[in-house]
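Enquirer: Heads up: the sequence shown runs through residues 1 to 826, numbered per the UniProt record's numbering.
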Amino acid sequence: MTTNEQEQTTGTAYDVHAVQQKWRQVWDGLDAFRAGSGPEGAEKRYALTMFPYPSGDLHMGHAEVMALHDVIARYWWQKGHDVLNPMGWDSFGLPAENAAIRNDEHPATYTYANIDTQYESFRNYAISFDWSRRFNTSDPEYYTWTQWLFLKFRERGLAYRKNSPVNWCPHDQTVLANEQVVDGHCERCGTEVTKRELTQWYFKITDYAQRLLDDMAPLEGTWPERVLTAQKNWIGRSEGAHVTFAVEGHDPITVFTTRPDTLYGATFMVVAADAALAQSLVTDEQRPALEAYLEQVRRSSDIERMATDRPKTGVFLGVHATNPVSGEQVPVWAADYVLADYGTGAIMAVPAHDQRDLDFARAFDLPVRTVVDTGEEDPETTYVATTGDGTYVNSGPLDGLSDKAAGIRAITEQLEADGVGSGTVNFRLRDWLLSRQRYWGCPIPIIHCEKDGEVAVPYDQLPVVLPDLRGADLKPKGVSPLAAAEDWVNVECPTCGGPAKRDSDTMDTFVDSSWYFLRYCSPHFTDGPFDEAAVREWMPADIYVGGVEHAVLHLLYARFFTKVLHDMGMIDFVEPFAAQMNQGQVINQGKKMSKSLGNGVNLGEQLDAYGVDAVRLTLVFAGPPEDDIDWADMSPGGSLRFLQRAWRLSGDVASAPGTPVEDGDPALRRVTAKTVHEADELLAGLRFNVMVARVMELVNATRKAIDSGCGPADPAVREAVEAVAVLLSLVAPYTAEEMWSRLGHEPTVARAGWPHVDPALLVESSVVAVVQVQGKVKARLDVAPDISAADLEALALADPAVVRAVEGREVRRVIVREPALVNVVV
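Okay, here's the thing in structure tokens:
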């Protein structure tokens, strides 16, 4: 009878679902992961994971990130740290609202029902969260302080309202920040984004552009390089000059350029067609043409407008500007390939050395003048702009110079001396557009009064509570549904007492998630957004785990908030997350999971079939955390079989808890010590999959030791199985807890402490030296770790297999890398 058959007949088979039900009830009463319950004087660690949107139950992506995150948190507990590992819900915003509308439910009803569902799923999935710190961003107790922070930012000049062209999602009927437009489409729903002219609220994140760049230096090595690169590229620092072009009868036009040295080649100017500057410059004669052109431009996305292969279109504005270095009169055009919100909304066009300018010049028969001779053919005849370095020509005092840096410096100095320009730094980063024309969000605490203008809601009147509006039509219409809630929107002005209206827009959900990690430190604090002493105790977070899709969006905003709060004197650090780990995606059959492709994997079905531990183990063991996982290639059934083998070991231990281990089997003890030691190093290096492999090797070694004569009563067996239980507790907590109980211990194994390693056991008594002849392995020798090179060479050359391989040929060279390698060259 096999072991499995014996277990079935005796009723001792490993029933994953019974084990889960048993220990879930026990754990609920233990509260083992409450922050602050660590050993006296323990080092504090903050394990943070990006909190989810409650737009449905947990899916495979949640399962992966939570399993990986939990390895870290549980490892820190086992190492004796005091761990803060909180969870809550990012419960405002478009994902939850759109899902609620699709299901014909009120967003609050739908959202909070999903939160309850996810909460139960998280508990079943056995993540070591401190649930005493749970909150939702849609709770008034939370968004009171979101509104408070908005008003504080406004007092510092960092929150303001302006009219400008904005990104508009026709599907969601709301504006989007630049960061929420991906390849010209809404990052939420995928709809192509257009432009609208609207008055909206912004955060002045551009004031922090340089600091956002500079403060990345200490993050090198602890944040993924691709995340830091993405932020640097988005911030987009470039050095150059502001250059002023005089326009008769109008204010001068200022442009930013990184190549002021090519000013002599500027033969026309281009203004963004949808910029206010175009309206102020256009002559009455040309205005009808501009208005007609604007209708065409507004139907195009920024991505389309910036495409290099798109035919160039534009309208002459009827005015000329003066080139400040040559005095030449150059025509001013409006076109769509210049964006209103980048730089000053105007450029100097140097067609010989910029392909888009050259294409525009060709389309409208404008002059092309080469000012840098690169040795290539004339752009005017080849229609290919030259962009390399060379010798200045047609450039006045620069002629003959071939040093670009010197040319830029000379022209900039000339511009500054003449009062028509100055050296400057420009950033691609634009201010953060935060207002949304949707219902389910944090209300903006501003009242609009005809007499007093924008008036802040007094602090003692916060929160401005979102009205319920049950039964109202909340579908997106381009204007927030709050505008129609007359009882809510019509109020008295706090300043003059006259009739006024609340701001009917709500805040972007990224505002909510830009400071939630601070609230976790003191979630029930009522005298401010957070207890400053508690934040000093826990922050910055030691690690932040989440998807790389937030490399620019959320992470940039959270860093910005942190710097502002530092400047307000509320916190004493400038970066919120000391380290970051990105997980890959869970795909299926080589593709992203999709209902339309029919390759979705239902997490609930996987958990029912294999149990929580097998799914968690599969996800952690699949590969490095940052790699994608193709579920079609995974074997949760194999993971379950391994867990059953580990569980059976706990039933084979015959020695009592606490039995001295010094006289245990030395070979097994060395394997155990080496496994625990390597696991420690692997976990610290975030190599979780390799750590699991080492545990599997220890399970096999322990079974082999038992089957080959090392009796169940040998204390080395208990030591090995206890180590397996503790290491497995990081990945498969139910199985580990059941093993720990069968070994005679009280729960919980999660707080058992890291296994002790006797350093003497890590010293190898012998190592295997590989002997090669002409690069081919001919022998393996057991040698002392401290063997000398001469002795190792002598042993190798005397080995019978090596002697046969040499066959009397002359040994020309022997390469020795003691104690592990000998290579014989004949």
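Using N, Cα and C, we set each Cβ at its ideal position, and we do this for glycine too.
This structure is a prediction, so every number in the text was calculated from the model and none was measured.
Report the start-end ranges of each alpha helix (DSSP H) in the stretch 715-782 that is 4 residues or longer and not cut off at the edges.
Expert: Entirely contained in the stretch 715-782, the alpha helix (DSSP H) runs reaching 4 residues are, in chain order, 715-728, 733-742.
Enquirer: Less than 9 Å separating the beta-carbons of Ala716 and Ala725?
Expert: Taking 9 Å as the Cβ cut-off, Ala716 and Ala725 do not qualify as a contacting pair.
Enquirer: Using the rule of at least 16 other Cβ atoms within 10 Å of the residue's Cβ for burial, across every protein chain shown, is His62 buried or exposed?
Expert: The residue in question, His62, is buried, as its Cβ has 16 or more Cβ neighbours within 10 Å.
Enquirer: Using a Cβ-Cβ cut-off of 9 Å, state whether Asp452 counts as contacting chain C.
Expert: You won't find chain C in this structure, because it holds only one protein chain.
Enquirer: Any chance you could list the alpha helix (DSSP H) runs of at least 4 consecutive residues sitting entirely within the stretch 2-83, in chain order?
Expert: Counting only runs of 4 or more, we get 3-10, 16-30, 60-78.
Enquirer: Put Glu818 into one of helix, strand or coil per three-state DSSP.
Expert: Coil, per DSSP.
Enquirer: Return the chain-ordered list of same chain residues with a C-beta closer than 6 Å to the C-beta of Met60, the five sequence neighbours on each side being excluded.
Expert: If we look at Met60 and ignore the five residues flanking it on each side, its Cβ neighbours are Val586, Val601, Leu603.
Enquirer: Just the C-alpha distance for Gly314 and His550, rounded to the nearest angstrom, thanks.
Expert: Cα to Cα, the separation comes out at about 36 Å.
Enquirer: Can you list, in chain order, the residues of its chain whose CB lies under 6 Å from that of Asn4, leaving out five sequence neighbours each side?
Expert: Note on Asn4: pLDDT 44, under 50, position unreliable in the model; the coordinate value appears next. So the list is empty, once near-sequence residues are dropped.
Enquirer: Is any non-hydrogen atom of the ligand SAH found closer than 8 Å to the C-beta of Gln772, if you look at the structure I gave you?
Expert: The ligand SAH is not part of the structure shown, which contains no ligands of any sort.
Enquirer: Can you find the residues in the same chain that come closer than 7 Å, C-beta to C-beta, to Asp70, ignoring five residues on each side of it along the sequence?
Expert: So the list reads Ile127, Ser128, once near-sequence residues are dropped.
Enquirer: Since Glu197 sits in a beta bridge, which residues does DSSP pair it with?
Expert: Note: Glu197 sits in a beta bridge opposite Pro165.
Enquirer: Using a Cβ-Cβ cutoff of less than 8 Å, which residues in the same chain neighbour Val247 once the five nearest sequence positions on both sides are dropped?
Expert: Contacts found: Ile253, Leu281, Val319, His320, Ala321, Thr322, Val332.
Enquirer: Once DSSP output is grouped into helix, strand and coil, what is the label at Asn178?
Expert: Asn178: helix per DSSP, three-state reduction.
Enquirer: DSSP three-state label for Thr222, please.
Expert: Correct three-state label for Thr222: coil.
Enquirer: By Cβ distance, which residues of its chain are closer than 8 Å to Asp354, with the 5 residues on each side in sequence left out?
Expert: Around Asp354: Ala385, Thr387.
Enquirer: May I ask which residues mark the beginning and end of the beta strand (DSSP E) holding Thr244?
Expert: Thr244 -> beta strand (DSSP E) spans 237-247.
Enquirer: Can you give me the Cβ contacts of Gly375 inside the same chain, cut-off strictly under 7 Å, excluding the 5 residues immediately before and after it?
Expert: Cβ neighbours of Gly375 beyond the five flanking positions: Gly390.
Enquirer: Just to check my reading of the structure: Trp223 and Gln580 have Cβ atoms closer than 8 Å, yes? What is that Cβ distance to the nearest angstrom?
Expert: Yes, they are in contact, since the Cβ atoms of Trp223 and Gln580 sit about 5 Å apart, within 8 Å.
Enquirer: How far does the beta strand (DSSP E) with Val425 in it reach, from first residue to last?
Expert: Residues 421-427.
Enquirer: Express the C-alpha separation of Gly651 and Arg45 in angstroms, rounding to a whole number.
Expert: Straight-line Cα distance between these residues: approximately 35 Å.
Enquirer: Run through DSSP, which three-state label would Asp613 get?
Expert: Helix.
Enquirer: Could you give the distance in angstroms between the alpha-carbon of Ala790 and the alpha-carbon of Val773?
Expert: Looking at the two C-alpha atoms, the distance is approximately 17 Å.
Enquirer: Quick check on the burial criterion: 16 or more other C-beta atoms within 10 angstroms. Buried or exposed for Pro576?
Expert: Label assigned to Pro576: buried.
Enquirer: Give me whichever residues DSSP pairs with Asn233 in a beta bridge.
Expert: Answer is none; Asn233 lacks a bridge partner.
Enquirer: Using the Cβ count rule (16 or more neighbours within 10 Å means buried), how would you classify Asn700?
Expert: Exposed is the call here.
Enquirer: I'd like the list of long-range same chain contacts for Val806, defined as Cβ closer than 6 Å, with 5 residues on each side in sequence excluded.
Expert: Cβ neighbours of Val806 beyond the five flanking positions: Val826.
Enquirer: Counting only the same chain and skipping the five closest in sequence on each side, list residues whose C-beta sits under 6 Å from that of Phe621.
Expert: So the qualifying residues of the chain are Asn689, Val692.
Enquirer: Check this for me: beta carbons of Pro443 and Val425, under 9 Å apart or not?
Expert: No; because the gap between Cβ atoms is not below 9 Å, this pair is not in contact.
Enquirer: Please name the residue or residues paired with Met269 in a DSSP beta bridge.
Expert: Met269 pairs with Val332, Met348.
Enquirer: Below 6 Å CB to CB, which residues in the same chain sit around Gly11 once its five sequence neighbours on both sides are set aside?
Expert: Any reading at Gly11 must be qualified, since the residue scores a pLDDT of 40, below 50, and its modelled position is unreliable; the value itself is stated next. Answer for Gly11: no residue qualifies.
Enquirer: Per DSSP, Pro499 is paired with what?
Expert: DSSP output for Pro499 lists Glu492 as bridge partner(s).
Enquirer: Compare the Cα-Cα distances from Asp628 to each of Thr659, Leu219, Ala96, Met593 and report the closest residue.
Expert: Of Thr659, Leu219, Ala96, Met593, the residue nearest in Cα terms is Met593.
Enquirer: Buried or exposed: where does Ala713 fall if 16 or more other Cβ atoms within 10 Å of its Cβ makes it buried?
Expert: Exposed.
Enquirer: Between the C-alpha atoms of Val457 and Ile411, what's the straight-line distance to the nearest angstrom?
Expert: If I take the Cα positions, the gap works out to 51 Å.
Enquirer: For Tyr119, report the span of its alpha helix (DSSP H) as first-last.
Expert: From DSSP, the alpha helix (DSSP H) with Tyr119 extends over 107-124.
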